[in-house]
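> As you go down the protein sequences, you meet chains A and B in turn.
Oh and the first sequence: position 80 is 79 in my numbering, straight run, nothing missing.
To get my numbering, take the position in the second sequence, counting from 1, and add 708.
Each residue gets a CB set at the ideal place from its N, CA and C atoms; glycine is no exception.
Computed from a predicted model, the values in this text were never measured in an experiment.
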Amino acid sequence: MPIETTDIARLAQILENSGVDTIEIEEPGLTLKLVVDTRSRIAASASPAAATAPVADHFVMAKADVAGHFRAAHPWQDKPFVAPGQRIEAGATLGLVKIGLLYAPVVAPTAGIVDAVIAETGAMVGYGTPIVRILPLAASDPLN
Amino acid sequence: MIEILSVTGPASIQDLGRFDQYRFGVGTSGAMDDVALRAGNILLGNDENAAAVEIPIMPFRLRFDRNIAFALTGAAVEAEIAGRAIPPWWRSYARAGDILNIKAMSHGARSYLAVGGGIDVPMVLGSRSTQFRGEFGGLHGRPLQVGDILPCATSTAAIGEFGIEPAGITLARPNAAADESIVRVIVAGEYDAFEATAQELFWSSSWTITPQSNRYGYRLQGPAVKPKAPVEKRSHGIVPGVIQIPPNGQPIIQMRDAQTSGGYPKIATVIGADLWRVGQARLGGKLRFEQTAYTDALAAEDDMSAYLDRLRTNMRLVEEAGTCR
């Protein structure tokens, strides 16, 4: 099945929207690899003009970095780690990914306002799965 | 080093305990929740017997004077490092000057602060545990005070931040109510000195943990459980977990700082695998006793060991994969 350029454009849009950096599709006689250039996005948000106002167009995704089951709250705590509208600092714990007896934190890559918690408690997530959509506040240096 | 900035109750330095001196009348001391202490040390890659701070009452505040990995296990606490919230049963990292603030305890009775390398107080009679009764071990043999400086061993622990499933979740007992702990016990030497009706009272009652409960022992309140005739025994060896019935019929569970001998009749003994559940039962809370057989007590010990083994294996995977930051 041939892939049209319009398909590639659509795929690129989906990647952009979902916060996924890379996708690879392999079929007989065909390999397609799309890589979203996130550097321009970060550079844009780091420009002096954007330093004070929220960058409405450029959400940042906090992603899972291990495979496991997502938890929005610690099992001993009723309140989820974050809720939409909440101000968070870079490095804040936004949720947990449970793998065996381990609770791996989902860490905020940047300071900002929580726009949405995308993953649902109990859902299986993998490396790179978007967990929390964040509206970055300013030109804070992303972690990683 | 660690400087204590604020302490509310009798916090103390504890390792797993002092086990070689019992014949000389020196009690074991050691962490009231040994599972939590081990888990904290496993999280940090420490020797599992490394000394930690046992904290029974919040708030508790301290300052780290150098970069150091630490872990909080035991009771569910609301805690912050340098103003950043940390979940229960969590390993984190402090930078020199950071303040750890343990503000409140939502359930459980004792929190454990373990640090990379362990709290480096001198070994006394084979242990770093504080012996309240004898006033030795730990830091000057006494509870911690504001201004105390705790020496920390050097450690090369990684700076990864993550948590583990609390033992209370993995090892949850069926039928456990919110504020009632059910602990398994084996009948003890003088069980038959009690009538069937008294025995039945012992099993069926939901015992209240009185404010006179601490590291020495838990004094319970409920219906009086009296022997057929007063039992007068010479003092003989007892161990943490032994449940005595004094003349008023109100049970006492001997805990880590208990005397090594006593003369009250022993009705039952809390199994080793459930002693930590007593250590995490709160004042004012309820305790219920469930009779168990020796073989089941061993099986419970196996469950506890299996949990700790899984932790060790999971931690090895983290070290190898470097997956968690």
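1. Between Ala1008(B) and Ala981(B), how many whole angstroms is the CB-CB distance? I'm expecting something under 8 Å.
2. Kindly give me the distance between the Cβ atoms of Gly949(B) and Gln962(B), rounded to whole angstroms, as I take these residues to be in contact under 8 Å.
3. Counting only Cβ-Cβ distances shorter than 8 Å, please list the residues of the segment 56-75 of chain A near chain B, keeping chain order.
4. I want to see whether chain B comes within less than 7 Å of Ala115(A), judged by CB atoms only; does it?
5. Between the C-alpha atoms of Pro859(B) and Ala11(A), what's the straight-line distance to the nearest angstrom?
6. Glu786(B) to Ala107(A), Cα distance in whole Å?
7. In three-state terms, what does DSSP make of Asp114(A)?
8. Counting only beta-carbon atoms, is Gly94(A) nearer than 7 Å to chain B?
9. For chain B, is any of its Cβ atoms less than 7 Å away from the one on Gly121(A)?
10. If you count every other CB in all the chains shown that lies within 10 Å of the CB of Ser650(B), and 16 or more means buried, which is it?
11. By DSSP, does Ala49(A) sit in helix, in strand, or in coil?
12. Please classify Tyr924(B): does DSSP put it in a helix, a strand, or coil?
13. With a cut-off of 7 Å, does the C-beta of Phe902(B) fall near any C-beta of chain A?
14. Enumerate, from N- to C-terminal direction, the unbroken alpha helix (DSSP H) stretches of 4 or more residues contained entirely within the segment 962-1010 of chain B.
15. Any idea if Asp64(A) is buried or exposed, counting beta-carbon neighbours within 10 angstroms, 16 or more meaning buried?
16. Along the chain, which unbroken stretches of the alpha helix (DSSP H) at least 4 residues long are found entirely within the segment 851-939 of chain B?
17. Can you tell me which of Lys934(B), Met831(B), His815(B) puts its alpha carbon nearest to the alpha carbon of Gln958(B)?
18. Between the segment 968-984 of chain B and the segment 884-897 of chain B, can you find at least three pairs of beta-carbon atoms closer than 8 Å?
19. Hey, does Gly111(A) have any beta-carbon neighbour from chain B nearer than 7 Å?
20. Give the straight-line distance between the Cα atoms of Gly90(A) and Pro104(A), rounded to the nearest whole angstrom.
21. Between the alpha carbons of Arg850(B) and Ser837(B), how many angstroms are there, rounded?
22. For Val947(B) and Thr736(B), I'd like the C-alpha separation in whole angstroms.
23. Residues of chain B with a CB under 7 Å from the CB of Pro104(A): which are they?
24. Given that Pro796(B) touches chain A, what residues does it touch there, using C-beta distances under 8 Å?
25. Please work out which residues of its chain come closer than 6 Å, Cβ to Cβ, to Asn749(B), disregarding the five sequence neighbours upstream and downstream, and give them in chain order.
26. Val131(A) to Glu869(B), Cα distance in whole Å?
27. Going by DSSP in three states, Glu119(A) sits in which element: helix, strand or coil?
28. Just how far apart, CA to CA, sit Arg990(B) and Gly816(B)?
Short version:
1. For the purposes of this step, residue 1008(B) is taken as residue 300 along the second sequence, with counting starting at 1. For the purposes of this step, residue 981(B) is taken as residue 273 along the second sequence, with counting starting at 1. The pair is a contact, with the Cβ atoms about 4 Å apart (cut-off 8 Å).
2. Position 241 of the second sequence, counted from the first residue, corresponds to residue 949(B). Position 254 of the second sequence, counted from the first residue, corresponds to residue 962(B). Gln962(B) and Gly949(B) do touch by the CB rule: their CB atoms are close to 7 Å apart, below 8 Å.
3. If the cut-off is 8 Å between Cβ atoms, the segment 56-75 of chain A has Asp64, Val65, His73, Pro74, Trp75 near chain B.
4. Translated into positions along the first sequence, residue 115(A) becomes position 116. Cβ-Cβ to chain B under 7 Å: no for Ala115(A).
5. Taking the second sequence and counting its residues from 1, one reaches residue 859(B) at position 151. Taking the first sequence and counting its residues from 1, one reaches residue 11(A) at position 12. When rounded, the distance between both Cα atoms is 55 Å.
6. Taking the second sequence and counting its residues from 1, one reaches residue 786(B) at position 78. Taking the first sequence and counting its residues from 1, one reaches residue 107(A) at position 108. Looking at the two C-alpha atoms, the distance is approximately 20 Å.
7. Looking up residue 114(A) in the first sequence gives position 115. Three-state DSSP puts Asp114(A) in a strand.
8. Counted from its first residue, the first sequence places residue 94(A) at position 95. Taking 7 Å as the CB threshold, Gly94(A) stays off the interface with chain B.
9. One-based indexing of the first sequence puts residue 121(A) at position 122. For Gly121(A), the nearest beta carbon of chain B is not closer than 7 Å to its own beta carbon.
10. Any answer about residue 650(B) is impossible in this case: the structure gives chain B only from 709 up to 1033.
11. As a first step, residue 49(A) must be located in the first sequence, where it is residue number 50. Per-residue confidence for Ala49(A) stands at a pLDDT of 41, beneath the threshold of 50, marking its modelled position as unreliable; no derived number is given.
12. Working through the second sequence from its first residue, we reach residue 924(B) at position 216. Looking at Tyr924(B) - three-state DSSP - the assignment turns out to be coil, as it is neither helix nor strand.
13. Here residue 902(B) is taken as the residue at index 194 of the second sequence, counted from 1. Chain A, which has no Cβ nearer than 7 Å to the Cβ of Phe902(B), makes this no.
14. Annotation note: the segment 962-1010 of chain B contains the following uninterrupted alpha helix (DSSP H) runs of length 4 or greater, listed N- to C-terminal: 983-987.
15. As a working note, residue 64(A) is residue 65 in the first sequence. Answer is buried; the Cβ neighbour count reaches 16.
16. Within the segment 851-939 of chain B, the complete alpha helix (DSSP H) runs of at least 4 residues are 875-878, 904-912.
17. What you label residue 958(B) is simply residue 250 of the second sequence in a count that begins at 1. A check of alpha carbon separations from Gln958(B) across Lys934(B), Met831(B), His815(B) identifies Lys934(B) as the nearest.
18. Touching, yes.
19. Reading the first sequence from its first residue, position 112 is the one you call residue 111(A). Output row for Gly111(A): interface = no.
20. Position 91 of the first sequence, counted from the first residue, corresponds to residue 90(A). Position 105 of the first sequence, counted from the first residue, corresponds to residue 104(A). Answer to the nearest angstrom: the Cα atoms are 10 Å apart.
21. Indexing the second sequence from 1 puts residue 850(B) at position 142. Indexing the second sequence from 1 puts residue 837(B) at position 129. Computed Cα separation, rounded: 10 Å.
22. Position 239 of the second sequence, counted from the first residue, corresponds to residue 947(B). Position 28 of the second sequence, counted from the first residue, corresponds to residue 736(B). Cα to Cα, the separation comes out at about 9 Å.
23. The residue given as residue 104(A) occupies position 105 in the first sequence. Per Cβ cutoff of 7 Å: Glu869, Phe870.
24. Working through the second sequence from its first residue, we reach residue 796(B) at position 88. Near Pro796(B) (Cβ distances below 8 Å), the residues of chain A are His73, Trp75, Gln76.
25. Working through the second sequence from its first residue, we reach residue 749(B) at position 41. The beta carbon of Asn749(B) lies closer than 6 Å to those of Glu756, Ala758, Ala822 in the same chain, with the five residues before and after it left out.
26. The count along the first sequence starts at 1 and reaches residue 131(A) at position 132. The count along the second sequence starts at 1 and reaches residue 869(B) at position 161. CA-CA distance, Val131(A) to Glu869(B), rounds to 19 Å.
27. Residue numbering aside, residue 119(A) sits at position 120 when the first sequence is read from its first letter. Looking at Glu119(A) - three-state DSSP - the assignment turns out to be coil, as it is neither helix nor strand.
28. By 1-based counting over the second sequence, the position of residue 990(B) is 282. By 1-based counting over the second sequence, the position of residue 816(B) is 108. Taking the straight line joining both Cα atoms gives about 6 Å.
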